[in-house]
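**Student:**
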Ligand SMILES: C[S@@+](CC[C@H](N)C(=O)[O-])C[C@H]1O[C@@H](n2cnc3c(N)ncnc32)[C@H](O)[C@@H]1O
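Numbering (our numbering), first residue to last: 6 to 288.
#1: Can you give the Cα-Cα distance for residue 22 and residue 100, rounded to whole angstroms?
#2: Using a threshold of 7 Å, is the CB atom of residue 258 nearer than that to any non-hydrogen atom of ligand 1?
#3: Assuming residue 217 contacts residue 176 under a Cβ cut-off of 8 Å, what Cβ separation, rounded to an integer in Å, is found between them?
#4: Please say whether residue 220 and residue 257 have beta carbons closer to each other than 8 Å?
#5: Alpha carbon to alpha carbon, how far is residue 6 from residue 285?
#6: Would residue 103 be called buried (16 or more neighbouring beta carbons within 10 Å of its own) or exposed?
#7: Nearest by alpha-carbon distance to residue 83: which of 69, 156 and 118 is it?
#8: Between residue 234 and residue 203, which are expected to be in contact by the criterion C-beta below 8 Å, what is the C-beta distance as a whole number of angstroms?
#9: Can you give me the Cβ contacts of residue 213 inside the same chain, cut-off strictly under 8 Å, excluding the 5 residues immediately before and after it?
#10: Give the DSSP-derived three-state secondary structure of residue 272 in the structure shown.
#11: Quick check on residue 62: buried or exposed, where buried means 16 or more other Cβ atoms within 10 Å of its Cβ?
#12: Leaving out the 5 sequence neighbours to the left and right, which residues in its chain are closer than 6 Å to residue 263 when beta-carbon positions are compared?
#13: Using CA atoms only, rank isn't needed, just tell me which of 147, 153, 120 and 166 is closest to residue 289.
#14: If we call anything under 8 Å between Cβ atoms a contact, is residue 88 one with residue 116?
#15: Using a threshold of 7 Å, is the CB atom of residue 240 nearer than that to any non-hydrogen atom of ligand 1?
#16: Would the beta-carbon of residue 46 fall within 8 Å of that of residue 147?
#17: Leaving aside the five residues before and after residue 226 along the sequence, list all residues of the same chain whose C-beta is less than 6 Å from its C-beta, in chain order.
#18: Grouping DSSP H, G and I as helix and E and B as strand, with all else coil, what is residue 7?
#19: Alpha carbon to alpha carbon, what distance is there between residue 39 and residue 260?
#20: Going by DSSP in three states, residue 253 sits in which element: helix, strand or coil?
#21: Can you list, in chain order, the residues of its chain with a C-beta nearer than 7 Å to that of residue 35? Leave out the 5 residues immediately preceding and following it.
#22: Restricting to runs no shorter than 3 residues, where is the beta strand (DSSP E) found entirely within the segment 118 to 157?
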């Protein structure tokens with residue numbers, strides 16, 4: 006705690022809470038959960054201690070850590086239960102990405118739906134990423150006997166800059182863009198997470214037949230995302246019948262914190278899903 010602060014001061018309470026959580030996080034973040042030890046219950050993190058400005062500029066030079074190439078990424082630190090010590094290799098690779106995962110609601114709900122898939126949230130804001138890490142630590146520790154939530158993890162990253170550093174070509178099966186920042190003003194549109202150039206990068210890391218999921222409560226942003234995806238030669242819109250039968254669409258509608266906020270206000274939710282088309286052969 007900083008000198009001159011008292012514990013009655015809400016900001017010092019937050020500092021103390023964060024410092025304690027930071028300590029626990031360092032200790033437990035990369036730990037392989039002992040499935041026999043079900044005694045170590047961990048409190049779920051409290052969101053109010055992780056408040057941060059609503060927006061982080063994706064063009065700023067944040068101090069971000071990222072691997073030089075996907076082969077350099079130490080995934081065993083994020084998914085220790087999927088690391089085979091005898092071979093020194095991961096038994097699975099990440100195939101589902103939640104881009105701008107916020108407080109992690111989608112990750113938590115997707116986890117039991119896809120127990121055999123590794124799911125990664127990428128989030129640019131530090132405190133929000135810390136919250137999700139602490140949430141996953143608590144869920145793993147509190148469900149040690151079933152080994153639940155071992156398949157989800159989060160990392161702090163700028164998805165608009167470094168995706169190909171993390172993922173090989175055609176590695177991903179699904180990418181979620183749930184309630185992305187709308188950047189309403191025209192001069193800010195270039196900061197939107199779906200643009201022509203970025204779509205080519207997303208197409209690179211997605212496998213053929215993979216799916217881009219989008220949902221927003223802002224109609225203008227929905228039209229923008231739809232237009233850019235429709236115009237891109239490597240994506241094709243999936244039908245509303247397809248959306249109706251897809252389990253992820255149902256989860257995405259209700260799981261995320263933003264989605265819940267919109268539901269409370271009885272706002273609209275606009276959904277559009279697109280399939281990654283085969284890359285044409287150049288003759
Ligand atoms: C409006 S919130 C939605 C969060 C979550 N998907 C949900 O539905 O509750 C958008 C999130 O995207 C994150 N974000 C914005 N730009 C990003 C970027 N370039 N890379 C990673 N995360 C980003 C923001 O920090 C924020 O948490």
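Here a beta-carbon is modelled for each residue, glycine too, at the ideal position from N, C-alpha and C.
**Tutor:** Working from what's here:
#1: 34 Å
#2: no
#3: With a Cβ gap of about 14 Å, residue 217 and residue 176 do not count as contacting.
#4: yes
#5: Because the pLDDT of residue 6 is 49, which lies under 50, any placement of that residue in the model is unreliable, and the question is left without a value.
#6: buried
#7: 156
#8: The pair is not a contact, with the Cβ atoms about 11 Å apart (cut-off 8 Å).
#9: 175, 281, 282, 283 and 284
#10: coil
#11: exposed
#12: 184
#13: Given that the chain is displayed from residue 6 to residue 288, the structure contains no residue 289 and the question cannot be resolved.
#14: no
#15: no
#16: yes
#17: 187
#18: Residue placement at residue 7 is poorly supported in this model, since its pLDDT is 49, which falls under 50; the coordinates still yield a value, given next. Here residue 7 sits in coil by DSSP.
#19: 28 Å
#20: helix
#21: 82 and 85
#22: 123 to 128
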